[in-house]
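Visitor: Provided herewith is a single structure, encoded as structure tokens, for subsequent inquiry.
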Amino acid sequence: MRNLEANIQEMQTQLVAYCENKKRLSLPPHFYTNKPWLTHEKEHLLETQWLCVGRVDEIPNPGDFFATELLSQPLIAVRDNTGEIAVLSNVCRHRNMQLAEGSGSCKHFICPYHAWSYHLDGRLLAAPLMNEQQSSDCDLPRYAVEIWQGFILVNLAGNCEPFSPQLQKLNTLLANFHCDQLQHVFVEEETWPANWKCLIENFMEGYHLSRVHPDTLGNRTPTRLCEKLGDGPGFTAYKANYPQNAPSRGIHHPDLSEDELAGSLLFCAFPALVCSVSSDVLVYLSLQPTDVDHVRLRWGMSVYDDKMPQDEIEQRVALWRQINSEDRAKLAKVQDALYSHHAHSGPLAPDDFEGTIYDFVRYFAKKLSI
Ligand code: FES
Ligand SMILES: [Fe+2]
């Protein structure tokens, strides 16, 4: 049987075997190439779990909003007049026009098609030339939202158990960074030619840092200093330690210990949020598949120092663009090679370097083997 023809039940059985087998291996290649399996992942994992749409610091004031999309659902994240964050369907209840584009600030949303208007909390405000009866039951649907560490998380299915309790150990690791006090400085959305899980795995392993990023990260966070941190039911994490002679970084929270200042903490909050947190900057990538070999990412940066000069912000964004382009080039090559007859489930490097991949794959296998 060709791998590409494996069906869902067979693949679920393989995941059961993966969980029982104590060998530390990567997933079999067809989990990254099989289209029906991607549909299964979306329905049984991504739609049922908490996914990140952005950061609360992107919308600090009432009326601030941004539009985005999650698994083909157009959304608006908005801070309403009470200061609460709401995530609304970005589909007009009249005849399905998208209400908002990009980001901005407003008092209410006005549809660009026939000018129906909505309050910031999604309630219909007015439907021109129509009476109340005609436009009843036309409030915008609201999604289940949880705010965690300054991230806005949405559960499309609306019945997932709370996110934060699955991340207790990670909350402890992050406590002194005070991620909920950061200032948004940058966000962008793009699509890479890779399976979404390859990008999670790539972001979460330090094994490639010195090889793939010699000029951007090789001296900052070399592979040999990577150190696996704790894991839990909802996350995995590692620390990319800085060399001893590393220059000290920018303004940071006084709670941070010497040890916390001496490295960047990288975590994956399962299933699809990855993040690097250092003393003065947080960079996150929120992922969603658009196809089996394409991943859409919304990536953003928040900083501790609200007076960080614009040129420094630009330098940091440029550095991350470079890092991302180095990873993207490698992942495109991996994706092509995953279709080879000789692609296989390969051995993972020791815990400090690829133990995080093992954690992610075990989570994935457990969730999808039933
Ligand atoms: S589609 Fe929005 S007002 Fe008509
Ligand atoms: Fe990388």
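Its first residue numbered 1, the sequence shown is counted upward by one per residue in the working numbering. Every residue, glycine too, gets a C-beta built ideally from N, C-alpha and C.
1. Is V212 near ligand 2, in the sense that its beta carbon is under 7 Å from a heavy atom of that ligand?
2. Excluding sequence positions up to five away, which residues of its chain have a Cβ less than 8 Å from the Cβ of E47?
3. Would you give the residue range spanned by the alpha helix (DSSP H) that F31 belongs to?
4. Alpha carbons only, please: which of I313, E41, L99 is nearest the one belonging to P271?
5. Can you find a heavy atom of ligand 2 that lies under 7 Å from the Cβ of L287?
6. Which residue's Cα is closest to the Cα of H94: M204, L256, S105, Q134?
7. Which runs of the alpha helix (DSSP H) spanning at least 4 residues fall entirely within the region 126–165, listed in chain order?
8. Where the beta carbon is closer than 5 Å to any heavy atom of ligand 1, which residues qualify, in chain order?
9. Assuming Q244 is part of the beta strand (DSSP E), what are its boundary residues?
10. Taking the straight line between their C-alpha atoms, what separation do you get for N3 and N34?
11. Nearest-angstrom Cα distance between Y358 and H108?
12. Could you spell out where the beta strand (DSSP E) holding G263 opens and where it closes?
13. Is the separation between the beta-carbon of V277 and that of F177 shorter than 8 Å?
14. When the Cα of P36 is compared with those of K228, M11, L120, which residue comes out closest?
15. Verify the contact flag: I323, CB atom, against every heavy atom of ligand 2, threshold strictly below 7 Å.
16. Quick one, which of R224, E312, I200 has its alpha-carbon nearest Y207's?
17. Under 7 Å: does the beta carbon of E201 sit that close to some heavy atom of ligand 2?
18. The beta strand (DSSP E) that contains A67, what's its start and end?
19. Which word fits T236, buried or exposed, when buried means at least 16 other C-beta atoms lie within 10 angstroms of its C-beta?
Guide: According to the structure data:
1. yes
2. L71, L156, A157
3. Where F31 is concerned, there is no enclosing alpha helix (DSSP H), given that its DSSP letter is neither H nor E.
4. E41
5. no
6. Q134
7. none
8. C92, H94, R95, M97, C111, Y113, H114, W116
9. No beta strand (DSSP E) holds Q244; DSSP gives it neither H nor E.
10. Note that N3 has pLDDT 49, beneath the 50 cutoff, so the model's placement of it is unreliable and the number below is only indicative. Those two C-alpha atoms are separated by around 9 Å.
11. 46 Å
12. 263–269
13. yes
14. M11
15. yes
16. R224
17. no
18. 64–70
19. buried
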